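In the UniProt record's numbering, the protein residues as written are 1 to 296.
Quick reminder that beta carbons are idealized off the backbone N, C-alpha and C, glycines included.
These numbers come from a predicted model, not from an experiment.
Notes follow once the structure below has been shown.
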């Protein structure tokens, strides 16, 4: 990762907190506040510091801010253990207004991309450019398959999964190395350096010395009313800024040009990354940064 070590960029960001919907949320700020603001939004079960390589490479030219979504990283968990898409989008709207009065650039991965795209459809005049890394959600075929299951069945399944999750003890790791090994199981494209960094910033240490992930386990089960994305094209059609759609060729995600979703955007371009999975910004960092810089 040749772009990781930028001698001009700060070595580490500063931590900040703000309140959204009575919840204390955390974000990191990489400085350079006179530059255009670029906000990084991570994916599900991830955290703000997973963007460190990207942030460090961009901090010389942009005011880079990375958010810990509610229930993730150093942000507070929901007291009810429920996380809705509407709350995530509201949180991003609060952060945008907090850190910039001008247009901002959004970069979102997976869940973060979906949040960013919704926000851009709601407030198109606030976004200068948007990069969505596999943030379009399920393919049309997958949505159709899910819609074949009646809503009451989906609601009951959610209740049963939540009850099972409540009974299940949290998974702890005896050593940091064991947690790193689990991280590499989740993404075998990661280098040892990447896995260690992502894990070190993604765990808390318990009283007995073991480690557990920072994210709320209830995040694994989104509310049943959030399980359909049929309204997403309505958001995409209202986005007026240029959009860069990124796809890893080894990922489970569907190609948005081939399945028709890219056609809903006014100004969107797709870039594919070979030898990269769902976390393509980690798997092919240099290639991702070249495309990102060219787009910006």
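(message) Looking at the strands, I want to know which residues DSSP matches up with residue 89.
(response) DSSP, once it has assigned bridges, lists no residue as partnering residue 89.
(request) From the DSSP output, in three-state form, read off residue 47 for me. (result) If DSSP states are grouped into helix, strand and coil, residue 47 belongs with coil.
(request) Rounded to whole angstroms, what's the CA-CA distance from residue 88 to residue 26? Just pull it up for me. (result) Going from the Cα of residue 88 to the Cα of residue 26 covers about 13 Å.
(message) Can you list, in chain order, the residues of its chain with a C-beta nearer than 7 Å to that of residue 236? Leave out the 5 residues immediately preceding and following it.
(response) So the list reads 117, 121, 264 and 265, once near-sequence residues are dropped.
(request) Express the C-alpha separation of residue 197 and residue 305 in angstroms, rounding to a whole number. (result) The chain is shown from 1 up to 296; residue 305 falls before or after that span and cannot be answered.
(request) Tell me whether the beta-carbon of residue 113 lies closer than 8 Å to the beta-carbon of residue 134. (result) The beta carbons of residue 113 and residue 134 sit closer together than 8 Å.
(message) Taking a contact to mean a Cβ-Cβ separation below 8 Å, would you say residue 102 touches residue 65 in this structure?
(response) Not a contact, by the Cβ cut-off of 8 Å.
(request) Under 8 Å by Cβ, that's how I've got residue 242 and residue 129 pegged, so tell me the actual separation to the nearest angstrom. (result) The pair is a contact, with the Cβ atoms about 5 Å apart (cut-off 8 Å).
(request) List the residues that DSSP assigns as beta-bridge partners of residue 204. (result) Answer is 212, bridged to residue 204.
(request) May I have the straight-line CA-CA distance separating residue 294 from residue 94, to the nearest angstrom? (result) For the pair residue 294 and residue 94, the Cα-to-Cα distance works out to about 29 Å.
(request) Count the C-beta pairs between the segment 208-215 and the segment 55-62 that are closer than 8 Å, then say yes if the count reaches three, no if not. (result) Inter-segment contact for the segment 208-215 and the segment 55-62 is absent: fewer than three beta-carbon pairs are separated by less than 8 Å.
(message) With three or more C-beta pairs closer than 8 Å as the rule, is the segment 161-170 touching the segment 273-282?
(response) The segment 273-282 is not in contact with the segment 161-170.
(request) Express the C-alpha separation of residue 100 and residue 281 in angstroms, rounding to a whole number. (result) Residue 281 and residue 100: Cα-Cα distance of roughly 25 Å.
(request) Just list the alpha helix (DSSP H) runs in the segment 207-276, keeping only unbroken ones of 4 residues or longer that don't cross its boundaries, in chain order. (result) If we require 4 residues or more, the alpha helix (DSSP H) runs fully inside the segment 207-276 come out as 232-236.
(message) I need the DSSP call for residue 176, collapsed to helix, strand or coil.
(response) When DSSP states are grouped into helix, strand and coil, residue 176 belongs to the helix group.
(message) Based on DSSP bridge pairs, tell me the residues matched to residue 15.
(response) Within the DSSP secondary-structure output, residue 15 pairs in a beta bridge with 28.
(message) By alpha-carbon positions, which one of 240, 70 and 290 ends up nearest to residue 24?
(response) Check the Cα spacing between residue 24 and each of 240, 70 and 290: the tightest is with 70.
(request) Look at the alpha carbon of residue 96 and the alpha carbon of residue 234, and state the distance between them as a whole number of angstroms. (result) Taking the straight line joining both Cα atoms gives about 22 Å.
(request) Name the residue from 74, 106 and 111 whose alpha carbon lies nearest to the alpha carbon of residue 123. (result) Nearest of 74, 106 and 111 to residue 123, Cα basis: 106.
(message) For residue 34, which residues in the same chain have their Cβ closer than 8 Å to its Cβ, ignoring the five residues on either side in sequence?
(response) Excluding sequence neighbours, residue 34 sits near 63.
(request) Give the single residue among 239, 224, 76 and 262 whose Cα lies nearest to the Cα of residue 155. (result) It is 224.
(request) Could you check the C-alpha separation between residue 250 and residue 208 for me, to the nearest Å? (result) Rounded to whole angstroms, residue 250 to residue 208 spans 39 Å at the Cα level.
(request) Answer yes or no: do residue 40 and residue 55 have a C-beta to C-beta separation smaller than 8 Å? (result) Residue 40 is a Cβ neighbour of residue 55, given a cutoff of 8 Å.
(request) Give the DSSP bridge partners of residue 67, in chain order. (result) DSSP lists 27 and 41 as partners of residue 67.
(request) Drop a sphere of 10 angstroms on the beta-carbon of residue 32, count the other beta-carbons inside from all chains shown, and report buried for 16 or more, exposed for fewer. (result) With at least 16 other beta carbons inside 10 angstroms of its own, residue 32 counts as buried.
(message) Please classify residue 149 as buried or exposed, where buried requires at least 16 other C-beta atoms within 10 Å of its C-beta.
(response) Residue 149 should be labelled exposed.
(request) May I have the straight-line CA-CA distance separating residue 137 from residue 43, to the nearest angstrom? (result) About 12 Å.
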